[in-house]
Structures are given as structure tokens and as C-alpha cells.
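The structure appears right after this line, and notes come after that.
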Amino acid sequence: MKTIFLILIFLFMFGQNYAYTDPKIIKKISDTKNFAFDFEQFINDKKETGNCTILFDNKMICKYDESGKIIVSNGKTLLIRNKNSSFANTYKTENTYFKYILNKEFLISKIEGNVVEKKQNFLLSINDKNNQLNIFFDKNNYLIKGWETIDLYGNKVRSNIIVKNINLELSENIFNLNLYN
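Take 1001 as the starting number for the sequence shown in the numbering used here and just add one per residue.
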């Protein structure tokens, strides 16, 4: 009887954890049309900084501080242009891990029942085909605070972000790839 009681308490506490975290994170993402943030990105041991704006219909623009690199997605194509290069690399957004972060409906569908409370944040792990992505959410404001994955070249990539603005008035023109090509 004592064992059953302890199991019930454990299940109750475990269930409360999910019931408490999922709806607040989902509501925050549902209410967010776009957000701008500063980032620190670590690829293996190399650190880069910059800022990004994400529009939750598969669009984003990121500008790196020191390297001058620009990453832009118009919803279908992801363009990466290095400052010193005369041409840009393009990829289908659906073939990159950004497809998980930029698509609000997909992200919400993965959050439901899959968020785990950790000591410093909430964690969502996405395993889809050959991609592994861990997304971290802030425990205080339920915003995305970073992610960790393996890039196209097999490097471990960790991005820590600080959200600066939510639901800005944006011009769709900033996601026009012709401006950066």
C-alpha cells in the first residue's frame, strides 16, 4: 500500500510538471509573430556573436558582428553569405535545422507533451530523420533562449540567445534574398 501511494505521488508530481510547463510555452509561441534577439554562437570552441530577427512563417535574417556573415531565409530558401565571398551558398530551408525553429505550427506540435523541466530551463528535444535539435526555453518568461544541434558539416553548434523585442512591425522586404545575393 505504501509503495502504491509513493508511486501515485511520483506520477502526480511528474504529471504536474508537464501540465504546468507545456501550456505556458505553447501560449508564448502562439502569441509571438516574430522576435528579435542577440546571440552567442559556439561552433566547437569558436564563438561568434550577432543579431537575428525571426518571423514565424519560416523567415529569418541574422547578421554576424565580426565576420559580417549574413543568413537569410525567405521561407523556402536559406542563403548564407560571407562578407569576403563573391557568391552566396543557398540551401532549401526544409533541409536545414532552421525548419524546426522557424515553423510555429511544427514547433508547437513538438512541444505538446515533450518538454522536460531541467534545473535552469525547459528542454525540447526534436529527433527527426537524421537531425537532432535541442531547444531551450527560459523558465521565467517561456521564451526560446537557445538551441543545440549538429550543423551541415558535422560540427556541434550551440546558440544562446537574448530576446530583445517581440512582435515588431517588420517589412517583408528584409527577407528578400536578392538584397543579399
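Note that CB positions come from ideal geometry on N, CA and C, so glycine has one too.
Do the CB positions of residue i and residue j come within less than 8 angstroms of each other?
| i | j | result |
| --- | --- | --- |
| Leu1078 | Tyr1097 | no |
| Phe1122 | Phe1137 | yes |
| Ile1162 | Asp1038 | yes |
| Phe1175 | Lys1033 | no |
| Ser1067 | Glu1048 | yes |
| Tyr1142 | Val1072 | no |
| Trp1147 | Leu1133 | yes |
Look at the alpha carbon of residue i and the alpha carbon of residue j, and state the distance between them as a whole number of angstroms.
| i | j | result |
| --- | --- | --- |
| Asn1044 | Arg1081 | 20 angstroms |
| Ile1054 | Asp1151 | 19 angstroms |
| Asn1178 | Phe1087 | 12 angstroms |
| Lys1110 | Ile1126 | 7 angstroms |
| Ile1007 | Cys1062 | No answer about Ile1007 holds up, because its pLDDT of 37 lies below 50 and its placement is not dependable. |
| Pro1023 | Ser1085 | 44 angstroms |
| Asn1114 | Leu1124 | 6 angstroms |
| Asn1051 | Glu1094 | 22 angstroms |
| Ile1026 | Ile1070 | 29 angstroms |
| Gln1016 | Phe1056 | With a pLDDT of 43 at Gln1016, under the threshold of 50, the modelled position of this residue cannot be trusted, and the question is left open. |
| Val1116 | Asn1089 | 36 angstroms |
| Leu947 | Ala1036 | Residue 947 falls outside the range modelled here, since the chain spans only 1001 to 1181, and no answer is possible. |
| Lys1164 | Arg1158 | 19 angstroms |
What span of residues does the alpha helix (DSSP H) with residue i cover, start to end?
| i | result |
| --- | --- |
| Tyr1100 | 1098-1102 |
In terms of residue numbering, what span does the beta strand (DSSP E) encompassing residue i cover?
| i | result |
| --- | --- |
| Asp1128 | 1121-1128 |
| Ser1159 | 1156-1166 |
| Glu1117 | 1115-1117 |
| Thr1077 | 1077-1081 |
From the DSSP output, which residues share a beta bridge with residue i?
| i | result |
| --- | --- |
| Phe1136 | Leu1123, Gly1146 |
| Phe1025 | For clarity, residue 1025 is Ile in the given sequence; the question names Phe instead. Ile1025 pairs with nothing; no bridge assigned. |
| Asp1151 | DSSP lists no partner for Asp1151. |
| Tyr1091 | Leu1078 |
| Asp1038 | Asn1051, Ile1162 |
| Ser1073 | Met1060, Leu1078 |
Does residue i have its Cβ less than 8 angstroms from a Cβ in chain B?
| i | result |
| --- | --- |
| Lys1104 | Included in the structure is just one protein chain, with no chain B present. |
Any chance you could list the alpha helix (DSSP H) runs of at least 4 consecutive residues sitting entirely within the segment 1040-1071, in chain order?
-> Entirely contained in the segment 1040-1071, not one alpha helix (DSSP H) run reaches 4 residues.
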